[in-house]
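Note sheet for the following structure.
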Amino acid sequence: MLINIFTAPKPFTNPHIAMIQRNAIRSWVELGPEVEVTLVGEEAGLADAARALGARHLPQVERNDQGTPLVSSIFELARGASDAPLLAYVNADILLFADFVRAARRVSKLRERFLVVGQRWDLDVASPIDFAPGWQDQVLGDLGKNGRLHPPAGSDYFIFPRSCFTRIPPLAVGRAGWDNWMIFFARWQGWEVVDATPAVRIIHQSHDYSHLPGGQPHYRLPETGENVRLAGGKRAIFHLEDASCRLAGEALQPLPNTPAHRLRSIETFPLVRLHSWALGELAFAAFHPVKAYGEWRKKLRKRPAVG
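Convert by adding 796 to the 1-based position in the sequence shown; the result is the number in the working numbering.
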């Protein structure tokens, strides 16, 4: 066994969400004997889906006060249930293909400690996928006609050795901020953060936000603010552009040496190399004076009055 792919799915009560989650999980199972699949949580319909799809089910996940599963508990359960040398958290609406396993195997041969991330492609999927022979070619053909490369703002998968991410703050899954912390923490630790976008195609099956409180996008929920606080603040919000290299073919290559990349590397140097939050704040203020001023004004307004 090479890799344990795990996730914490949404409830299977919304017909469209249920359908795309079954599509995604089935695509992982179809990756072959090197892969095992673990589903974490007690959401409605999850146990039945795990049995039908041939996945391991771990129900006893810890949650925050709002009932949202904690990333720390999800990772701990998945690690404890498997002896696979690699772990991969993948959002439950993501279709995977054979290049996912190839990339995991390749990077693990090149680096001892690492985090593999990458951009997704968005595709509208309106019906269950027929997983007959040749299904990957058919879906990828549809992607070529109708797919859209998502901006590098969020991360939908994380591949890493089981020795990494053994301690995680009590971040809420499915809310903004925790995926950014993953990239930040890996850079802070000096691990290679690999942008595998050129080598790995993943498909996000598009959906609405009706499963979230008030139907709001996750980045507008109060739990997102708490995630950012637990991560260490806004300076710990790293993105795919903060990777240290990229996987192209069989090799790890430097990121394109663009002006934007050089400036971002200078801005984050105090954090990822010097481990200084104070210098990180000063660097942010130097590069983004207007934003820094706005943040400090908000902090001053929140301070209690004296006397």
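All residues carry an ideal CB built from backbone N, CA and C; glycine is no exception.
Checklist entry - Is the CB-CB distance between R997 and W917 below 8 Å? => result yes
Checklist entry - How is V1086 classed by DSSP in three states: helix, strand or coil? => result helix
Next on the checklist: Would F980 and Y885 qualify as a contact pair, given that the criterion is a beta-carbon distance under 8 Å?
Outcome noted: no
Next on the checklist: Tell me the rounded alpha-carbon separation between Y1089 and Q985.
Outcome noted: 29 Å
Next on the checklist: Rounded to whole angstroms, what is the Cα-Cα separation between S878 and A1056?
Outcome noted: 41 Å
Checklist entry - Roughly how many angstroms lie between the CA atoms of M978 and R958, to the nearest whole one? => result 14 Å
Item to check | DSSP three-state assignment for H1007, whether helix, strand or coil | outcome: Here the model assigns H1007 a pLDDT of 47, short of 50, so the residue's position is not dependable and the matter cannot be decided.
Checklist entry - Just reading off the beta strand (DSSP E) that F738 is part of, what are its end residues? => result Nothing can be reported for residue 738: it is not among the residues displayed for the chain, which extend from 797 to 1103.
Item to check | Contact set for H1007: own chain, Cβ-Cβ below 8 Å, skip 5 residues either direction | outcome: With a pLDDT of 47 at H1007, under the threshold of 50, the modelled position of this residue cannot be trusted; read the value that follows with caution. Correct list, in chain order: K806, P807, N810 and I813.
Item to check | Pair within 8 Å by beta-carbon distance, D991 and A949 | outcome: no
Checklist entry - In this structure, does DSSP put F980 in helix, strand or coil? => result helix
Checklist entry - Given P994, which residues of its chain have a CB within under 7 Å of its CB, disregarding the five upstream and five downstream residues? => result R1042, L1043 and A1044
Checklist entry - What is the rounded straight-line gap between the Cα of L1026 and the Cα of L1017? => result 15 Å
Next on the checklist: If the criterion is Cβ atoms closer than 8 Å, does the pair V989 and V935 meet it?
Outcome noted: no
Item to check | Counted within 10 angstroms of its Cβ, other Cβ atoms place N1023 as buried (16 or more) or exposed | outcome: buried
Item to check | Residues bridged to T1020 (per DSSP) | outcome: In the DSSP output, where bridge partners are listed per residue, T1020 has none listed.
Checklist entry - By Cβ distance below 8 Å, which residues in the same chain neighbour H946 in space, the five residues on each side in sequence not counted? => result Q915, R916, W917, D918 and H1000
Next on the checklist: Quick check on the DSSP output: what are the complete alpha helix (DSSP H) runs of length 4 or more inside the stretch 833–876, in order along the chain?
Outcome noted: 842–849 and 867–876
Next on the checklist: Within a Cβ cutoff of 8 Å, which residues of the same chain sit near A874, ignoring the five residues on either side of it in sequence?
Outcome noted: N800, F802, T834, V836, L854, L883 and Y885
Item to check | Cβ-based burial, S923 [other Cβ within 10 Å; buried from 16] | outcome: exposed
Checklist entry - The alpha helix (DSSP H) with L1043 in it runs from where to where? => result Per DSSP, L1043 belongs to no alpha helix (DSSP H); it is in the beta strand (DSSP E), C1041 to A1044.
Item to check | Residue range of the unbroken alpha helix (DSSP H) whose run includes I1062 | outcome: P1055 to V1068
Checklist entry - beta strand (DSSP E) containing P957: first to last residue? => result Y953 to P957
Next on the checklist: Please classify N819 as buried or exposed, where buried requires at least 16 other C-beta atoms within 10 Å of its C-beta.
Outcome noted: buried
Checklist entry - Where does the unbroken beta strand (DSSP E) through I799 begin, and where does it stop? => result I799 to T803
Checklist entry - Once you ignore the five residues that flank H1003 on each side, which residues in its own chain have a CB closer than 8 Å to its CB? => result H812, I813, I816 and D889
Next on the checklist: Since A880 and L798 should fall inside the 8 Å C-beta cutoff, what is the C-beta to C-beta distance between them, to a whole number of angstroms?
Outcome noted: 6 Å
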